[in-house]
């Protein structure tokens with residue numbers, strides 16, 4: 001059974017299953033979690049800190065503004081296409097690290 005990930009949204013503790021997270025995006029001083037069923041949650045946090053709090057091995061950084069859940073990746077080329085149809089940029093800075101870890105999944 002998956003342990004829920006606890007986040008604070010507007011001062012309220014909210015449970016989020018990591019399997020529900022499709023990707024995480026920077027939005028000014030916030031990170032926005034894009035979840036299954038077209039839901040989203042916005043929290044005040046840096047992307048780096050949020051990445052450090054995620055369970056190891058399930059998420060990869062693909063850009064200075066994006067983290068993706070490996071379970072929701074549909075295809076990879078110049079961009080990373082998620083199983084929702086959303087395409088996110090794969091930057092040169094993260095490309096090599098992404099492929100070295102993604103091949104393991």
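In our numbering, the protein residues as written are 1 to 105.
C-beta atoms are modelled at their ideal positions from N, C-alpha and C, and glycine is treated no differently.
Next item on the list: Would you identify the three-state DSSP class for residue 75, choosing helix, strand or coil?
Entry: strand
Item checked: For residue 49, the three-state DSSP class (helix, strand or coil) -> helix
Notebook entry, point to check: Do the CB positions of residue 62 and residue 9 come within less than 8 Å of each other?
Noted result: no
Next item on the list: Kindly indicate the opening and closing residues of the alpha helix (DSSP H) around residue 92.
Entry: 92-102
Checklist line | Buried versus exposed call for residue 25 [16 or more other C-beta atoms within 10 Å across all chains shown] | finding: buried
Item checked: C-beta atoms of residue 22 and residue 101 nearer than 8 Å -> no
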